[in-house]
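Start counting the sequence shown at 322; every next residue gets the next number (my numbering). Okay, so here's the structure we're looking at.
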Amino acid sequence: MIDAQKAKIAVFVSGGGTNLQALIDSDELKHGEITLVIADNPSAFALTRAENAKIDSLVISRKKPDFEKQALMALRAANIDFVVLAGFLGIFSGDFIREFGGPLINIHPSLIPAFCGKGFYGLQVHKAALEAGVKVSGATVHYVSDVIDGGEIIAQKAVLVKPDDTPETLQKRIMEEAEWQLLPRAAEQIAKTIVEERSC
Ligand code: GRF
């Protein structure tokens, strides 16, 4: 049952949804509740995770010209307070961000401003980090703006790069040691603010 006191969260996903799972499993997310999962493709495993957790979900193809309009309608219909992009490959326009009006946050698997922006998604991020020879990488949670990975930084966590890392091993370690902790913590911070402001 949905708790009316909690901030209502919608999570946008495109793939495996391990960050969604971290949010679902988190003990830290006390002031927020995921009430909607939106995927941009029907085969995203994240949808199965939503179903297992009995969270409403829907698929809206990003190929549709009215993707943003449909997404906005869904967010409004579900009274969503804030949006988390968790492994979502789409980019939202400034108009969408303004019209939604609530906070939108994203998790990115590097220490922004390194290895971010256009083309830096999935394994590409970790491949670029290894090619650059950095000894530390990590993850960043940031507000979504109309600049890709360019919104205000909320939280970051560093992860050591090992000499024998591959993009796959580095991706896994950054998820385990940084992303799955950072995202629920940041979501709780925002949910708490929303709930406190509401009760003022
Ligand atoms: C994560 O590394 C996330 O930071 C990035 O895409 C990956 C998706 O992972 N944006 P998942 O779908 O949450 O498992």
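Quick reminder that beta carbons are idealized off the backbone N, C-alpha and C, glycines included.
Would you tell me roughly how many angstroms separate the C-alpha atoms of Gly411 and Pro484, rounded to the nearest one?
Linking Gly411 to Pro484 through their CA atoms gives a straight-line distance of about 33 Å.
Using the C-alpha atoms, what's the distance from Leu425 back to Arg383?
Taking the straight line from one Cα to the other gives about 18 Å.
Give the C-beta separation of Glu349 and Arg506 to the nearest angstrom, bearing in mind that I take them to be a contact with Cβ-Cβ under 8 Å.
About 6 Å separates the two Cβ atoms, so the contact holds.
Separation of Ala499 from Thr369, as counted between CA atoms:
Across the structure, Thr369 and Ala499 are spaced so that their CA atoms are roughly 24 Å apart.
Three CB pairs or more closer than 8 Å across the stretch 450-459 and the stretch 401-411
As far as the Cβ criterion goes, the stretch 450-459 does not touch the stretch 401-411, which means the pair count is below three.
Alpha carbon to alpha carbon, how far is Gln342 from Gly336? Give it in angstroms, no decimals.
A straight-line Cα-Cα distance of about 12 Å links Gly336 and Gln342.
Is there contact between the stretch 440-447 and the stretch 393-406, where contact requires at least three CB pairs shorter than 8 Å?
With a cut-off of 8 Å, the stretch 393-406 and the stretch 440-447 do not count as touching, because too few Cβ pairs lie within range.
Jot down the residue ranges of each uninterrupted alpha helix (DSSP H) in the stretch 402-465, minimum 4 residues, whole runs only, in chain order.
If we require 4 residues or more, the alpha helix (DSSP H) runs fully inside the stretch 402-465 come out as 415-421, 444-453.
On the three-state DSSP scale, how would you describe Gln510?
In the structure shown, Gln510 sits in a helix (DSSP, three-state: H, G or I).
Within this structure, are the beta carbons of Ile359 and Ala398 separated by less than 8 Å?
Taking the C-beta atoms as reference points, Ala398 is found no nearer than 8 Å to Ile359.
Near Ile515, which residues of its chain fall below 7 Å by C-beta distance, leaving aside the five closest residues on each side in sequence?
Within the same chain, Cβ atoms closer than 7 Å to the Cβ of Ile515 are found at Ala328, Asp402, Phe403, the five residues on either side in sequence being excluded.
Look up Gln342 in the DSSP assignment and say whether it is helix, strand or coil.
It is helical.
Extent of the continuous beta strand (DSSP E) to which Glu489 belongs:
For Glu489, there is no enclosing beta strand (DSSP E); the residue is found in the alpha helix (DSSP H) stretching over 488-495.
Of the residues Phe421, Lys448, Asn340, which one's Cα is nearest the Cα of Ser466?
Comparing Cα positions, the closest option is Phe421.
Separation of Ala367 from Gln445, as counted between CA atoms:
Roughly 21 Å between the two C-alpha positions.
Might you give, ordered along the chain, the residues of its own chain that have their beta carbon closer than 7 Å to the beta carbon of Val468, omitting 5 neighbours on each side?
Take Val468, set aside five residues on each side of it, and no residue of its chain has a beta-carbon closer than 7 Å to its own.
DSSP state of Glu473, grouped into three classes?
Coil, per DSSP.
Host beta strand (DSSP E) of Glu498 (start-end)
Run containing Glu498: none; DSSP gives neither H nor E here.
Using the three-state DSSP reduction, which class does Val516 fall into: helix, strand or coil?
Here DSSP, grouped into helix, strand and coil, assigns Val516 to helix.
What span of residues does the alpha helix (DSSP H) with Leu396 cover, start to end?
Counted as a single uninterrupted DSSP element, the alpha helix (DSSP H) harbouring Leu396 occupies residues 388-398.
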